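Enquirer:
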Ligand code: SF4
Ligand code: SF4
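Chains as they are written, first to last, in this note's numbering: chain E, 1 to 458; chain H, 459 to 911.
#1: Report buried or exposed for residue 9 of chain E, applying the criterion of at least 16 other Cβ atoms within 10 angstroms of its Cβ.
#2: Any C-beta of chain H sitting closer than 8 angstroms to the C-beta of residue 212 of chain E?
#3: Counting only the same chain and skipping the five closest in sequence on each side, list residues whose C-beta sits under 7 angstroms from that of residue 305 of chain E.
#4: With DSSP collapsed to three states, give me the class of residue 417 of chain E.
#5: For residue 884 of chain H and residue 766 of chain H, which I take to be in contact (beta-carbon distance under 8 angstroms), what is that distance rounded to the nearest angstrom?
#6: Should residue 565 of chain H be flagged as near chain E, meaning a C-beta pair shorter than 8 angstroms?
#7: Does the beta carbon of residue 809 of chain H come closer than 8 angstroms to any beta carbon on chain E?
#8: How would you call residue 556 of chain H, buried or exposed, if buried means at least 16 neighbouring beta carbons within 10 angstroms?
#9: In three-state DSSP terms, what is residue 235 of chain E?
#10: Whole angstroms is fine: what's the gap from residue 729 of chain H's alpha carbon to residue 647 of chain H's?
#11: How would you list, in chain order, the residues of chain H whose beta-carbon sits under 9 angstroms from the beta-carbon of residue 54 of chain E?
#12: Taking 7 angstroms as the cut-off, is the C-beta of residue 42 of chain E nearer than that to any heavy atom in ligand 1?
#13: Closer than 7 angstroms between beta carbons: that is the criterion. Which residues of the stretch 106-123 of chain E meet it against chain H?
#14: On the criterion of 16 or more Cβ atoms from any shown chain inside 10 Å, does residue 763 of chain H qualify as buried, or is it exposed?
#15: Excluding the 5 residues preceding and the 5 following residue 559 of chain H in the sequence, name in chain order all residues of the same chain whose CB lies nearer than 7 angstroms to its CB.
#16: Can you tell which of H/886, H/526, H/784 has its C-alpha closest to the C-alpha of residue 832 of chain H?
#17: In the structure shown, what three-state DSSP assignment does residue 411 of chain E receive?
#18: Could you say which of E/431, E/70, E/89, E/117 lies nearest to residue 38 of chain E if we only look at CA atoms?
#19: Residues of the stretch 605-634 of chain H with a CB closer than 8 angstroms to any CB of chain E: list them in chain order, please.
#20: Can you check which of these residues, E/239, E/41, E/282, is closest to residue 585 of chain H by C-alpha distance?
#21: If the criterion is Cβ atoms closer than 8 angstroms, does the pair residue 218 of chain E and residue 80 of chain E meet it?
#22: Going straight from the alpha carbon of residue 5 of chain E to that of residue 375 of chain E, what length do you get?
#23: At what residues does the beta strand (DSSP E) containing residue 673 of chain H begin and finish?
#24: Comparing C-alpha positions only, which one of H/686, H/552, H/625 sits nearest to residue 704 of chain H?
#25: Compute the Euclidean distance between the alpha carbons of residue 87 of chain E and residue 225 of chain E, then round it to the nearest angstrom.
#26: Terminal residues of the continuous alpha helix (DSSP H) containing residue 336 of chain E?
#27: Taking residue 285 of chain E as part of the alpha helix (DSSP H), name the residues at either end of that continuous run.
#28: For a minimum of 3 consecutive residues, which ranges assigned as the beta strand (DSSP E) are wholly contained in the stretch 359-397 of chain E?
#29: Out of E/239, E/257, E/331, which one is the CA nearest neighbour of residue 272 of chain E?
#30: With a cut-off of 8 angstroms, does the C-beta of residue 421 of chain E fall near any C-beta of chain H?
#31: Locate the beta strand (DSSP E) running through residue 653 of chain H, then write down its first and last residues.
#32: Could you pull the start and end residues of the beta strand (DSSP E) that residue 113 of chain E belongs to?
#33: Ordered along the chain, which non-local residues of its own chain (more than five positions away) have a Cβ less than 6 angstroms from that of residue 911 of chain H?
#34: Ignoring anything shorter than 3 residues or poking outside the stretch 571-659 of chain H, list the beta strand (DSSP E) runs there in chain order.
#35: Which ranges would you report for the beta strand (DSSP E) in the stretch 684-769 of chain H if only whole runs of at least 3 residues count?
#36: Helix or strand or just coil, what does DSSP make of residue 527 of chain H?
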C-alpha cells in the first residue's frame, strides 16, 4: 500500500508513533504504592489507555475516570472530580490518588488544583484523606513522555520533605519509562552499592506481579508515599534520559534546588559507556567501589561483543520509538558496529537530532537520517529509500516490518504482539548483553535462513 | 471476598437471580470514579464504521483517540485495507486555541487525493465539541470539491454512551444508503446488519445465505464497501444481529424505504440455525429456499457435531461467567455454553436495556449474578465467589480472570478468530476447551483455595 507523504504543511498524522500524555502519567501512578490513577475527563480516554497498557503489561489496570457527561462539559468538572475521589476512596481506600487531566478537561479550563483544595477543605474526615497529586496532561501539548515525567515531578513536588535519612544513604532514581525488569535491575544495582534506592515510579511489582490468591483492589508493590517524602533527604538523585536532561525543570532539578539534593543527569544506561557512567556516579555518590559482580558482567559482555562482532559491523538498523530510548539504543548500536541508519520518534521535544548526534561518532553522521515528530507513514517512506537490515522498536512497527520484509526486534513500549514486554531488559550490562544477543542472533538467523546451504556452524 | 465493597450507587445495577424482585437499572452514565469497562461515544461509532474498508476514517482530535484505535480490531477485508490505517488531525495547542477547521480541511484534501477512498468519515472527538469546529461545513465543502460523500460522525466522547456512538454511526451510514442504483438487486435479497467480519465471520454467514438462494446485497459493515451500502435499500429484508449497534439503521431504513427487519444472532448452533430459518420463512413463495436451508443446517451441524461432542465431555459441569458489550450476545452465549454442558454463573453487559435484562434473568438459573456496566472489582468479586472456570469478555477483563487463575475466551471485536456461524461455534468450543483444560490452572493459588473449600 502507498501512503500519502507529509507535504510541507502536512496536516494529517498517519499511524502515529507516539501516545497521549495521560497514559504516561497513569503509568507513573501505577508505580506508586496503594495509589489509584484518576483521569479527569470522559470515559473513552481512560478505557482506551487501560486497554492499551493491558495488552503490554498483561496485568489488571484499574484507572478511574471522572466520567464527564454533557452537563460536565458545560458547567465544569468540579463536582465530578469530587464525586470521583469519594467513590475511589470508598472502593479502594487508597493512600494516594494521582489525578491527570485529559484534553477535554484542559480545553474547558478546569482548575483542578482549586478543586482539590476545596475538596480538602470540605472533607469531613481529614485524617483519612489520601494524598492528592495532580498533573496537567493535555495531549495537544505533548506525548506520553511529557505525561510520564510530569507525573514524576508532581509526585516529588507535592510530597517531598526535608526528611531525616536512615542508616543507608538514600538514592533517588528517576529511571524514565523502562520495563519492570529494568526497574528491578536498577534497584539491585543501587542496593549493591550499599544505597537505599527510592525509585519513582516503581511498577516492577504492580505491573509484573505473580498470580493472586485473592483479588487485590490495588496490586501490591510500588514506591511508598513515605519513600517519596524522603526524597528531600537523599544523598543524590540519578535521573535517566538525555532528552529529559534538556528540560529546564524536572523532579531531579527541583529536589536539587529545593533541598540541595545533587542531581546527576545521565542518558538511559543502555550499552557500555552510559552504563559505565552510571556506575562511576554510583561509586562516587556511595563512596563504595563498583562491586565485582558488575565488573564480571561487563567483562562477559565485552567478551560476547568480540565473539559476535563480525556479524554486526556495518549492519544497518532503524531505531524508532520514545526519544530517550532511541538515544540510548543509538549509543549502544554505535558501540557494536551497528549503524543507526534511521532514528525516528513521534516525540517533539526539539532536541532529538542534537542528542542522537552526540552519542554517535561523527564519521557515521552522514550515514544517518534523524526524524523527529514523525508518524509511521513518514518513517516507512524514508525506509523504502534507505533500506536497513533490522528494525528496532516497539510493536507498532510490525505493519511496516511486514511490508518492508525487514525483521523487527521488539523493545520498549508497547509490545502488544509478544508476551515478554515486561521482562525485556534494556538497561545496565545485563540489558546490553540481552540486547546484543538478540540483535546478533537475529542477524545470524536471517543469514542462515537465506543461505542455500544452511550451515549449523557459524 | 465480601470485603470488596460495592458502591451504593451501583447496587441497583447488580442482581442475584432468585433474590428480591427483579428491576435492573441500566442505560445510566457510569458513576464518576468507577473503573468502568465502557468506552465512549466515539468508540461506539468507530466499532460500527471501522470495517468499511474502502472509506477513509479520519479522527478529528488530539492524537490519543486515533492512536489507541489503530488496527485494534480483527475485522477482515477481502480487498482494500484502508480501514486498518489510523488517520488523525493530531490537534495541537494552537489548533485548540484557533480552531481545527483549517487543519481538518487540509487533512481531508490531502488524504482523499492520495488514497482515493469511496467515502470519508470524519469522527469528532471530545474537544472538537468544545472548540466549536463546524465539522459539517468542512465536510460539505470537501464533498463538493472531491465528489465523494464526506460524512461527519458526531461522536464527541462525552455526549452520551457507546450506544449514542452506534446511533451517530448509523446516522452517517444512512446518508450513504440510497445513493446507488438497485439494478440487479433480486426480490429475494437481504442486508446483513451488525456483523463486522471479525476473523471472517461475515463471509461464513453470507455464504450460508447465498447457498440458500438469497442474495446478500450489503453486509453492514463487515468487509463493507461504500457502493454496496449505497444500494442496500433495494434489499427485501434487513437481518440485524446484536441488540444495539445497527438497530438504529434498520429503524431508519424501515421508515424511509419500508424495509422490514428481523433480529438474529449467529452465535451458537440454535441461534445460527434460527437466523437462517427466519430468513427463509420470509420468502414463503419460494419453498425451495426453506428446503435448502434445512439441508444446509443439517450438513453444517453434522460436520461439527463429532468434535463438539468430544469437547463437551471435558467441559460438562464447568462454570462460566460472561461479560460482554451487548446483552443480545449474552443470550446466545448462554445457550452456546449450555450446549457445551457448561453452567453460567454470572452474566453482564455494558449496554443492555431493561428488556434485555429481563430476558437474561429468565434464561438463567437461580443464584446467577446479573450485572449492568460492571467494574473490575465487582467482576472479580463474583467470579471468585461463584468459582467460575471460564470468563468470557474483552481484553480489559482478561487479566482479572488470569490473575485469579480462571480460563478466558475473548469475545470482543478485538479477537482474531471467528466465533459466529456453525464453524464459528466449533472455533468457540475449541477456544473455550483450550483455555479451560490447560494444565496451568492447577498451579494457580486462588483456584487451589476454592478446591479446598
Ligand atoms: S477524547 Fe473523547 S472521544 Fe477521544 S477517547 Fe476520550 S472520550 Fe473518547
Ligand atoms: S482526548 Fe486527549 S487524553 Fe483523551 S485519548 Fe484523546 S489525546 Fe488522549
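Don't be surprised by glycine CBs; every beta carbon is placed ideally from N, CA and C. Being a predicted model, the structure only gives us computed values, none of them experimental.
Expert: In this structure, then:
#1: At residue 9 of chain E the pLDDT is 49, less than 50, meaning the model places this residue with poor confidence; the figure from the coordinates comes in the next sentence. Only exposed fits residue 9 of chain E, as fewer than 16 other CB atoms lie within 10 angstroms of its CB.
#2: Yes, because at least one Cβ of chain H sits closer than 8 angstroms to the Cβ of residue 212 of chain E.
#3: Contacts found: 336, 436.
#4: Correct three-state label for residue 417 of chain E: coil.
#5: Their Cβ separation, rounded to whole angstroms, is 6 angstroms, which keeps residue 884 of chain H and residue 766 of chain H in contact under 8 angstroms.
#6: It does: the Cβ of residue 565 of chain H has a partner Cβ on chain E nearer than 8 angstroms.
#7: Look at residue 809 of chain H: its C-beta is not under 8 angstroms from any C-beta on chain E.
#8: Around the beta-carbon of residue 556 of chain H, fewer than 16 other beta-carbon atoms lie within 10 Å, marking it exposed.
#9: Coil, per DSSP.
#10: If you draw a straight line from the Cα of residue 729 of chain H to the Cα of residue 647 of chain H, it is about 20 angstroms long.
#11: Result: 853, 854, 856, 857.
#12: Relative to ligand 1, residue 42 of chain E has its C-beta within less than 7 angstroms of a heavy atom.
#13: Within the stretch 106-123 of chain E, the residues whose Cβ lies closer than 7 angstroms to some Cβ of chain H are 107, 108, listed in chain order.
#14: A residue is called buried when at least 16 other Cβ atoms come within 10 angstroms of its Cβ; residue 763 of chain H does not meet this threshold and is exposed.
#15: Answer for residue 559 of chain H: 591, 592, 596, listed in chain order.
#16: By alpha-carbon distance to residue 832 of chain H, the top candidate from H/886, H/526, H/784 is H/784.
#17: Residue state, collapsed to three classes: coil.
#18: Cα-wise, what sits closest to residue 38 of chain E is E/89.
#19: Per Cβ criterion, the list reads 615, 616, 617, 618.
#20: Cα-wise, what sits closest to residue 585 of chain H is E/41.
#21: Annotated as distal: residue 218 of chain E and residue 80 of chain E, with beta-carbon spacing of 8 angstroms or more.
#22: Here the model assigns residue 5 of chain E a pLDDT of 43, short of 50, so the residue's position is not dependable, and the following value carries that caveat. For residue 5 of chain E and residue 375 of chain E, the distance between alpha carbons rounds to 10 angstroms.
#23: For residue 673 of chain H, the enclosing beta strand (DSSP E) covers residues 673-679.
#24: The shortest CA-to-CA distance from residue 704 of chain H to any of H/686, H/552, H/625 is the one to H/625.
#25: Each residue's Cα considered, the two are about 21 angstroms apart.
#26: 323-336 is the span of the alpha helix (DSSP H), which, as asked, contains residue 336 of chain E.
#27: Per DSSP, residue 285 of chain E belongs to the alpha helix (DSSP H) from 272-286.
#28: Complete beta strand (DSSP E) runs here, min 3: 369-371, 390-393.
#29: Distance check between residue 272 of chain E and each of E/239, E/257, E/331 places E/331 closest, using alpha-carbon atoms only.
#30: Residue 421 of chain E does not count as touching chain H.
#31: Counting along the chain, the beta strand (DSSP E) containing residue 653 of chain H begins and ends at 647-653.
#32: Counting along the chain, residue 113 of chain E falls outside any beta strand (DSSP E), though it belongs to the alpha helix (DSSP H) covering 112-122.
#33: Bear in mind that the predicted position of residue 911 of chain H carries a pLDDT of just 46, short of 50, making it too unreliable to give a figure here.
#34: Runs of the beta strand (DSSP E) inside the stretch 571-659 of chain H: 577-582, 608-611, 647-653.
#35: For secondary structure counted as the beta strand (DSSP E) over 3 or more consecutive residues, the stretch 684-769 of chain H holds these complete runs in sequence order: 695-699, 719-722.
#36: Look at residue 527 of chain H here: in three-state DSSP terms it is coil, with no helix or strand label.
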